[in-house]
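Enquirer: Have a look at the structure that comes next, please.
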Amino acid sequence: MNITELLTFGVKNNVSDLHISAGVQPMVRINGEMNRVDMPPLDHTQVRDMIYDVMDDRQRKEYEKYHECDFSFAIPGIARFRVNVYVQNRGAAAVLRTIPSKVLTLEQLNAPAIFKKFAMTIRGVVTITGATGAGKSTTLSGLGTELTSN
């Protein structure tokens, strides 16, 4: 199975993150819980080749030089993904997070009514904080949609 097949499967099954790491089975995060993918563990070369399939030359050079690289890419018609590639003690590894392709409105996000007021604030600073996967980027996208529609 290649990286595109894994990610396409993930999007269709509401996977938020795909973790691939040399020496272990791929893992997926669904609703905050990690689950193993039913396939054999991947070796360093398999993980590296999967990662290289979605990297451009500049990203490959950065990874080879620093043993780490952050980038994003898209599978047309499926989704965009944010990627962190790194080397750990068993070899190559990566975490690929699905980025929603459709920006939801604040109403669709069921955001509190005060969020609309934040979007219309003329002065001041609004800080959006939270743990990884808590919805900061999604909330900011919704706020941006509110700003541009009013």
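Here my numbering runs 72 ahead of the position in the sequence shown, where the first position is 1. Note that CB positions come from ideal geometry on N, CA and C, so glycine has one too.
#1: Considering only residues of the same chain and omitting the five flanking positions on each side of Asn107, which have a CB-CB separation below 6 Å?
#2: Give every residue of the same chain whose Cβ lies closer than 7 Å to the Cβ of Arg154, excluding the five residues on either side of it in the sequence, and list them in chain order.
#3: Between the alpha carbons of Lys133 and Val96, how many angstroms are there, rounded?
#4: Go ahead and label Arg130 buried or exposed: buried means 16 or more other beta carbons lie within 10 angstroms of its beta carbon, across all protein chains shown.
#5: What is the rounded straight-line gap between the Cα of Val87 and the Cα of Val197?
#6: Looking at Thr177: is its Cβ nearer than 7 Å to the Cβ of Thr220?
#7: Tell me Asn156's beta-bridge partners as DSSP assigns them.
#8: Evaluate Met73 with the Cβ neighbour count: other Cβ atoms within 10 Å of its Cβ, from every protein chain shown; 16 or more gives buried, anything less gives exposed.
#9: How should Gly214 be labelled, buried or exposed, when 16 other C-beta atoms within 10 angstroms of its C-beta is the threshold for buried?
#10: Taking Ala151 as the reference, which of Gly163, Gln160, Val175 has the closest Cα?
#11: If you compare alpha carbons, which of Thr204, Leu212, Asn222 is closest to Asn103?
#12: Determine the closest residue to Ala165 out of Leu78, Leu114, Leu79, with distance taken between C-alpha atoms.
Expert: Well, looking at it:
#1: Contacts found: Val100.
#2: Apart from the 5 residues on each side of it in sequence, Arg154 sits with its Cβ closer than 7 Å to the Cβ of Ser144, Arg169, Ile171 in its chain, given in chain order.
#3: A direct Cα-to-Cα measurement between Lys133 and Val96 gives close to 25 Å.
#4: Answer is exposed; the Cβ neighbour count stays below 16.
#5: Roughly 33 Å between the two C-alpha positions.
#6: Thr220 is positioned such that its CB atom lies no closer than 7 Å to that of Thr177.
#7: BP columns for Asn156 point to Asp142, Val167.
#8: Burial is judged here by how many other beta carbons sit within 10 angstroms of a residue's own beta carbon; Met73 has fewer than 16 and is exposed.
#9: Buried is the call here.
#10: The option with the nearest alpha carbon to Ala151 is Val175.
#11: That would be Thr204, whose Cα lies nearest to the Cα of Asn103.
#12: The shortest C-alpha separation from Ala165 is found at Leu114.
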